[in-house]
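Participant:
In the numbering used here, the protein residues as written are 9 to 362.
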């Protein structure tokens, strides 16, 4: 396994008092080199150091969120963006500077309903801290304005800002906070599972592959929005009966429910790993969960796996439990049972009110 020192970090995840990777311009240069397929080992080291530094940002925000979670009946999960996903985003968004990528660090707040979601978010907007909210209130509000592909939720981007000696070199790092209801999260989970059932041939999340999956998931989003949350989705002009009929047509063509109902991935090894730092690892239908006591151990393992198993689907989830991972990362377990149940109940309800 690669040593922690390779990333320029100490055991306490503290760096020299400089911006991770040296400077924003150095990180951007490394990202540009990677995009153009000319990255050196030093470029990759700079990117790894910059990625690793986001752990401190995640820790700060997950504490802020968890302090509020109980009041709103919410769950909080956090994750590091996968290296492969970062590289893919650099390719898809050609003009993006790597140091400005705002979702390398992420926390997700999953609320029971839309009202509690907005209340939770407002409490963060009114919080007394120096971190800077970088997005306007409605810029990424995909509940008020759903994406046409069916995605609903809200994203806020914050810039880390502290005055302490221990943290001020990290100022300028960004984190994305995602707010979803349980229903919206079940939809998003299933949208990612489609890549598994099609063996990567279709990924509606990225608008790739068979467009029938994209159309079907957009219709299910409307069904869920209307029947459970009392708000419009991406197809507000469809009558209830027409909406359900279109969904059933696509479902029958794809045999979608049967594909999802038969899914499920067994976890190899002991799910009660020591934690509280976890890596969830999926490759070739096999799922493993690794637990670590410290961030340095977990991040060193993450970077090692990304090099040795480049085709694997790997996510680093800090400061959590195995049970929380099972509840919040159902896409890794191919668990779409909640989604199927909600779509069935929602379709029946809309049929009855047509």
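Beta carbons: idealized from backbone N, C-alpha and C, even for Gly.
None of the values given here were measured: they were computed from a predicted structure.
1. What's the C-alpha gap between residue 307 and residue 60?
2. Whole angstroms are fine: how far does the CA of residue 338 sit from the CA of residue 167?
3. Identify the residues that DSSP records as bridge partners of residue 186: which are they?
4. Taking 8 Å as the threshold (C-beta atoms), are residue 173 and residue 162 in contact?
5. Which same chain residues end up closer than 6 Å to residue 116 when comparing Cβ atoms and leaving out the 5 residues on each side of it in sequence?
6. For the alpha helix (DSSP H) containing residue 76, list its first residue and its last residue.
7. Quick check on DSSP: helix, strand or coil for residue 265?
8. For residue 205, does the three-state DSSP call read helix, strand or coil?
9. For the alpha helix (DSSP H) containing residue 98, name the first residue and the last one.
10. Could you tell me the alpha carbon to alpha carbon distance between residue 44 and residue 102, rounded to whole angstroms?
11. Is residue 176 helix, strand or coil when you go by DSSP?
12. Do you know offhand how far residue 328's Cα is from residue 129's?
13. With a CB to CB cut of under 6 Å and the five nearest residues on each side skipped, what residues in its chain are close to residue 83?
14. Just the Cα atoms here: how many angstroms apart are residue 110 and residue 361?
15. If you draw a straight line from the C-alpha of residue 134 to the C-alpha of residue 127, how long is it?
16. At what residues does the alpha helix (DSSP H) containing residue 39 begin and finish?
17. For residue 228, count the other beta carbons within 10 Å of its own beta carbon; 16 or more makes it buried, fewer makes it exposed. Which is it?
18. Within 10 angstroms of its Cβ, does residue 112 collect 16 or more other Cβ (buried), or is it exposed?
19. Would you give the residue range spanned by the alpha helix (DSSP H) that residue 221 belongs to?
20. By the DSSP assignment, the beta strand (DSSP E) with residue 86 in it spans what residues?
21. When the Cα atoms are used, what is the spatial distance from residue 239 to residue 249?
22. Just to confirm before moving on: does the CB-CB distance between residue 107 and residue 26 stay below 8 Å?
23. Kindly indicate which three-state DSSP category residue 146 falls into: helix, strand or coil?
24. Quick one: Cα of residue 104 to Cα of residue 34, how far?
Facilitator: Answer, in terms of the structure:
1. 7 Å
2. 29 Å
3. Its beta-bridge partners are 116 and 163.
4. no
5. So the list reads 85 and 186, once near-sequence residues are dropped.
6. 49–80
7. helix
8. helix
9. 91–100
10. 10 Å
11. In the structure shown, residue 176 sits in a helix (DSSP, three-state: H, G or I).
12. 21 Å
13. 118
14. 42 Å
15. 11 Å
16. 32–43
17. Burial check for residue 228: the Cβ neighbour count within 10 Å reaches 16 or more, so the residue is buried.
18. It counts as buried.
19. Residue 221 -> alpha helix (DSSP H) spans 219–237.
20. 83–88
21. One C-alpha to the other measures close to 17 Å.
22. no
23. Judged by DSSP in its simplified three-state form, residue 146 adopts coil rather than helix or strand.
24. Cα to Cα, residue 104 sits roughly 14 Å from residue 34.
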